[in-house]
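Asker: Before I ask anything, here is the structure I am working with.
Protein chains: 2
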Amino acid sequence: MGRSRTVAGVAGVRERILAAATELFAEQGYAATSVQQVVDRAGVTKGGLYHYFGAKEDLLIEMYRAVFGERLAALDRIVGQGRDPEWTLRAIIDDIVVGTAAMIKESAAVSRELAAMDNERTQRLQADWRRYQETVRGLIRDAQEAGVFAAVASPEIVSWSIFGVTNSLHTWYRPDGPKPAAAIAEELADLVLTGLRA
Amino acid sequence: MGRSRTVAGVAGVRERILAAATELFAEQGYAATSVQQVVDRAGVTKGGLYHYFGAKEDLLIEMYRAVFGERLAALDRIVGQGRDPEWTLRAIIDDIVVGTAAMIKESAAVSRELAAMDNERTQRLQADWRRYQETVRGLIRDAQEAGVFAAVASPEIVSWSIFGVTNSLHTWYRPDGPKPAAAIAEELADLVLTGLRA
DNA sequence: CTGTCAATACCGACCGGTTGGTATGTTGTC
DNA sequence: GACAACATACCAACCGGTCGGTATTGACAG
Numbered sequence: 001m002g003r004s005r006t007v008a009g010v011a012g013v014r015e016r017i018l019a020a021a022t023e024l025f026a027e028q029g030y031a032a033t034s035v036q037q038v039v040d041r042a043g044v045t046k047g048g049l050y051h052y053f054g055a056k057e058d059l060l061i062e063m064y065r066a067v068f069g070e071r072l073a074a075l076d077r078i079v080g081q082g083r084d085p086e087w088t089l090r091a092i093i094d095d096i097v098v099g100t101a102a103m104i105k106e107s108a109a110v111s112r113e114l115a116a117m118d119n120e121r122t123q124r125l126q127a128d129w130r131r132y133q134e135t136v137r138g139l140i141r142d143a144q145e146a147g148v149f150a151a152v153a154s155p156e157i158v159s160w161s162i163f164g165v166t167n168s169l170h171t172w173y174r175p176d177g178p179k180p181a182a183a184i185a186e187e188l189a190d191l192v193l194t195g196l197r198a
Numbered sequence: 001m002g003r004s005r006t007v008a009g010v011a012g013v014r015e016r017i018l019a020a021a022t023e024l025f026a027e028q029g030y031a032a033t034s035v036q037q038v039v040d041r042a043g044v045t046k047g048g049l050y051h052y053f054g055a056k057e058d059l060l061i062e063m064y065r066a067v068f069g070e071r072l073a074a075l076d077r078i079v080g081q082g083r084d085p086e087w088t089l090r091a092i093i094d095d096i097v098v099g100t101a102a103m104i105k106e107s108a109a110v111s112r113e114l115a116a117m118d119n120e121r122t123q124r125l126q127a128d129w130r131r132y133q134e135t136v137r138g139l140i141r142d143a144q145e146a147g148v149f150a151a152v153a154s155p156e157i158v159s160w161s162i163f164g165v166t167n168s169l170h171t172w173y174r175p176d177g178p179k180p181a182a183a184i185a186e187e188l189a190d191l192v193l194t195g196l197r198a
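Here it is in structure tokens:
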């Protein structure tokens with residue numbers, strides 16, 4: 001008889017584990033979630049989890065990669081087009097807001113635990129994130145020096161007013177809410193770019 | 001012999017415990033910090049901690065109150081003056097940025113753990129925070145309807161671009177850094193209010 | 001088409017260590 | 001000698017992680 005689950009299961013076991021971990025980390029935080037809770041929600045056992053993942057931390061790292069990997073690739077595509085600062089900044093805001101909203105649970109889990117993760121495994125990922133921010137700040141700085149953007153606020157403040165929204169997006173954005181992510185992105189871009197109008 | 005610490009200690013034991021907990025929670029997060037770590041850093045034992053606090057959670061609640069209590073009182077004072085929206089919003093931004101910066105460690109601990117705390121003890125505090133946000137949004141909405149502020153972005157987005165900065169302030173603000181909190185507040189207010197200029 | 005065999009997928013009992021919390025001192029002060 | 005202010009010793013529960021085992025699968029041989 002047996003079970004032949006590999007074919008019959010609704011989704012791959014690995015994916016179920018990751019999905020369960022994502023929900024729980026987003027709800028309770030990483031440290032407050034036990035491996036037992038994860039496997040219970042995923043419908044597997046600890047043996048199964050440790051068959052696919054080397055450690056509990058690997059689950060977080062995987063989410064981290066999912067969130068930042070796509071965003072970083074999109075950033076390079078947008079900047080690579082070489083268009084004017086206003087278009088570029090608007091495209092970046094749109095991508096990060098819509099992209100974050102599309103992975104809102106992963107973002108919630110990651111953004112909360114980001115500061116606490118300070119071992120060598122995550123330094124590469126944090127360096128990626130820093131590069132993202134530096135790119136945006138550099139873009140704003142260059143445009144301000146060229147007189148395209150007004151120097152009403154420093155590049156640091158402008159970039160943080162953007163990232164601050166995406167970092168806290170999970171506390172108020174609802175996928176089934178009245179305002180779609182694209183609308184949020186547009187309003188934020190309008191607000192920031194009006195403020196920066198030379 | 002004995003120790004007669006009550007008088008000789010550099011600071012009250014209760015304050016030392018709270019300060020140690022604040023630092024550790026800000027660095028590692030609440031759940032990842034053990035009571036043993038707190039008492040070690042504070043230079044006391046667990047018996048001492050549980051003499052002053054009923055539970056580990058009480059430490060977080062105390063920080064929560066310290067952060068939001070002052071802010072909420074200041075909000076009422078500012079709004080109570082009945083001045084024009086531009087002055088009022090600028091005063092609010094200045095107070096929340098400078099106030100958050102002044103308690104940056106407490107803010108880091110609280111802002112990270114806020115979403116995960118969902119028991120009945122914290123609902124009152126979360127209600128206070130929601131009232132704060134609602135006040136700011138209402139202020140913006142009224143001013144936009146009166147034509148004083150431009151409707152370039154909805155009150156929700158504007159308020160979140162402000163709170164997003166303060167929520168993530170702990171990730172980049174340094175008390176001994178080159179930019180004082182008051183300057184950050186002014187730039188943020190300039191950016192937002194320029195965007196809202198009718 | 002069937003038998004063999006190694007690899008993969010997964011289970012569930014178990015491990016040493018740590019957790020938040022407590023019960024019981026001990027000590028100085030009024 | 002009552003009481004606040006702590007220290008010390010200790011507990012049951014739970015933690016992340018391991019391990020020996022088993023069911024299932026796929027490749028290959030004949």
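One line per chain: the protein sequences are V and X, in this order. Quick note on numbering: UniProt numbering labels position 83 of the first sequence as 83, and the sequence is numbered without any gaps. Quick note on numbering: UniProt numbering labels position 72 of the second sequence as 72, and the sequence is numbered without any gaps. Positions of the beta carbon are idealized from the N, C-alpha and C atoms, including for glycine.
Rounded to a whole number of angstroms, what is the C-alpha to C-alpha distance between V/E27 and V/M63?
Answerer: Sequence index remark: in the first sequence, residue 27 of chain V carries index 27 (1-based). Sequence index remark: in the first sequence, residue 63 of chain V carries index 63 (1-based). Near 14 Å, if we compare the C-alpha coordinates of V/M63 and V/E27.
Asker: If you measure beta-carbon to beta-carbon, which residues of the region 152-167 of chain X are closer than 9 Å to chain V?
Answerer: Residues passing the 9 Å Cβ filter: V152, A153, S154, E156, I157, V158, W160, S161, I162, F163, G164, V165, T166, N167.
Asker: Work out the CA separation of X/H170 and X/A74 for me, nearest whole Å.
Answerer: As a working note, residue 74 of chain X is residue 74 in the second sequence. As a working note, residue 170 of chain X is residue 170 in the second sequence. Rounded to the nearest angstrom, the two C-alpha atoms are 21 Å apart.
Asker: According to a CB-to-CB cut-off of less than 7 Å, which residues of the region 166-187 of chain V neighbour chain X?
Answerer: The region 166-187 of chain V vs chain X, Cβ under 7 Å: N167, S168, T171, W172, I184, E187.
Asker: How many angstroms separate the CA atom of X/R41 from the CA atom of V/Q123?
Answerer: The residue you call residue 41 of chain X lines up with position 41 of the second sequence. The residue you call residue 123 of chain V lines up with position 123 of the first sequence. The alpha-carbon atoms of X/R41 and V/Q123 are separated by roughly 27 Å.
Asker: How is the alpha helix (DSSP H) around V/T122 delimited, first residue to last?
Answerer: Locating residue 122 of chain V in the first sequence gives position 122, where the first residue counts as 1. 120-145 is the span of the alpha helix (DSSP H), which, as asked, contains V/T122.
Asker: Please return the same chain residues whose Cβ sits closer than 6 Å to the Cβ of X/A66, not counting the five positions on each side in sequence.
Answerer: As a working mapping, residue 66 of chain X is identified with position 66 in the second sequence. Contacts found: E106.
Asker: State yes or no: is the C-beta of V/V165 within less than 9 Å of the C-beta of X/G12?
Answerer: As a first step, residue 165 of chain V must be located in the first sequence, where it is residue number 165. As a first step, residue 12 of chain X must be located in the second sequence, where it is residue number 12. The answer is no: Cβ separation not under 9 Å.
Asker: Determine the DSSP secondary structure at X/F53, reduced to helix, strand or coil.
Answerer: For the purposes of this step, residue 53 of chain X is taken as residue 53 along the second sequence, with counting starting at 1. In the structure shown, X/F53 sits in coil (DSSP, three-state: anything other than H, G, I, E or B).
Asker: Who are the Cβ neighbours of X/T6 in its own chain at under 7 Å, not counting the five residues just before and after it?
Answerer: Within the second sequence, numbered from 1, the residue matching residue 6 of chain X stands at position 6. Because the pLDDT at X/T6 is just 38, under 50, the model does not fix this residue reliably, and the point stays unresolved.
Asker: Can you pull the chain X residues whose beta carbon is under 9 Å from the beta carbon of V/G29, in chain order?
Answerer: Taking the first sequence and counting its residues from 1, one reaches residue 29 of chain V at position 29. Near V/G29 (Cβ distances below 9 Å), the residues of chain X are G29, Y30, A31, A32, R112, E113, A115, A116.
Asker: Leaving aside the five residues before and after X/T45 along the sequence, list all residues of the same chain whose C-beta is less than 8 Å from its C-beta, in chain order.
Answerer: Your numbering for residue 45 of chain X matches position 45 in the second sequence. Around X/T45: V39.
Asker: At the level of alpha carbons, what is the spacing between X/Y173 and X/P180?
Answerer: By one-based count along the second sequence, residue 173 of chain X stands at place 173. By one-based count along the second sequence, residue 180 of chain X stands at place 180. Their Cα atoms are separated by approximately 9 Å.
Asker: With X/S154 and V/W160 assumed to form a contact (beta carbons below 8 Å), what rounded beta-carbon distance in angstroms separates them?
Answerer: Locating residue 154 of chain X in the second sequence gives position 154, where the first residue counts as 1. Locating residue 160 of chain V in the first sequence gives position 160, where the first residue counts as 1. About 20 Å; that fails the 8 Å criterion.
Asker: Following the continuous alpha helix (DSSP H) through X/K105, name the residue where it begins and the one where it ends.
Answerer: Within the second sequence, residue 105 of chain X is the residue found at index 105, counting from 1. Unbroken alpha helix (DSSP H) run through X/K105: 104-113.
Asker: When you compare only the Cα positions, how much space is there between V/Q37 and X/S34?
Answerer: In the first sequence, residue 37 of chain V corresponds to position 37, counting from 1. In the second sequence, residue 34 of chain X corresponds to position 34, counting from 1. Each residue's alpha carbon lies about 20 Å from the other.
Asker: Which residues in the same chain as X/I61 place their Cβ atom closer than 8 Å to its Cβ, once the five residues preceding and following it in sequence are excluded?
Answerer: Taking the first residue of the second sequence as position 1, residue 61 of chain X is located at position 61. Cβ within range, chain order: R121, T122, L125.
Asker: May I ask you to check if the CB of X/R121 is nearer than 8 Å to at least one heavy atom of the ligand MN?
Answerer: Inclusion of the ligand MN in the displayed structure is not the case, the ligand content being empty and no account of it being possible.
Asker: Under the DSSP definition of a beta bridge, which residues are partnered with V/F149?
Answerer: Locating residue 149 of chain V in the first sequence gives position 149, counting from the first residue. For V/F149, which the question treats as bridged, DSSP gives the partners V/R197.
Asker: Pull up the distance between the alpha-carbon of X/Q81 and that of X/G195, whole angstroms please.
Answerer: Stepping through the second sequence from its first residue, residue 81 of chain X is reached at position 81. Stepping through the second sequence from its first residue, residue 195 of chain X is reached at position 195. Distance between the alpha carbons of X/Q81 and X/G195 is about 24 Å.
Asker: Taking the alpha carbon of X/Q144 as the reference point, which residue from X/V158, X/A55, X/Q133, X/D190 has its own alpha carbon closest?
Answerer: Position 144 of the second sequence holds residue 144 of chain X. The residue with the shortest Cα to Cα distance from X/Q144 is X/V158.
Asker: Label X/M1 either buried or exposed according to how many other C-beta atoms from any shown protein chain fall within 10 Å of its C-beta, with 16 as the threshold for buried.
Answerer: Start at 1 with the first residue of the second sequence, and residue 1 of chain X comes out as number 1. For X/M1, the predicted structure reports a pLDDT of 32, less than 50, and the residue's modelled location is therefore unreliable. A value from the coordinates is still provided. So X/M1 ends up on the exposed side.
Asker: Select from X/E70, X/G69, X/R16 the residue whose C-alpha is nearest the C-alpha of X/L49.
Answerer: Here residue 49 of chain X is taken as the residue at index 49 of the second sequence, counted from 1. Residue X/R16 is the option with its Cα nearest to X/L49.
Asker: Thinking X/A109 and X/F53 are a contact (beta carbons under 8 Å), I'd like their distance in whole angstroms, please.
Answerer: Taking the second sequence and counting its residues from 1, the one referred to as residue 109 of chain X is at position 109. Taking the second sequence and counting its residues from 1, the one referred to as residue 53 of chain X is at position 53. X/A109 to X/F53, Cβ: 15 Å. No contact.
Asker: By DSSP, does X/D84 sit in helix, in strand, or in coil?
Answerer: The sequence position of residue 84 of chain X within the second sequence is 84, counting from 1. In the structure shown, X/D84 sits in coil (DSSP, three-state: anything other than H, G, I, E or B).
Asker: From V/E134 to V/Y30, what distance separates their C-alpha atoms?
Answerer: Working through the first sequence from its first residue, we reach residue 134 of chain V at position 134. Working through the first sequence from its first residue, we reach residue 30 of chain V at position 30. Distance between the alpha carbons of V/E134 and V/Y30: 28 Å.
Asker: Hey, V/V97 and V/L188: beta-carbon distance below 9 Å or not?
Answerer: Numbered from 1 along the first sequence, position 97 holds the residue referred to as residue 97 of chain V. Numbered from 1 along the first sequence, position 188 holds the residue referred to as residue 188 of chain V. Cβ atoms of V/V97 and V/L188: closer than 9 Å.
Asker: Within 10 angstroms of its Cβ, does X/A21 collect 16 or more other Cβ (buried), or is it exposed?
Answerer: Within the second sequence, residue 21 of chain X is the residue found at index 21, counting from 1. Flag for X/A21 reads buried.
Asker: Going along chain V, which residues have a C-beta under 8 Å from X/D142?
Answerer: Translated into positions along the second sequence, residue 142 of chain X becomes position 142. Going along chain V, no residue has its Cβ under 8 Å from X/D142, so there is no contact; the nearest lies around 18 Å.
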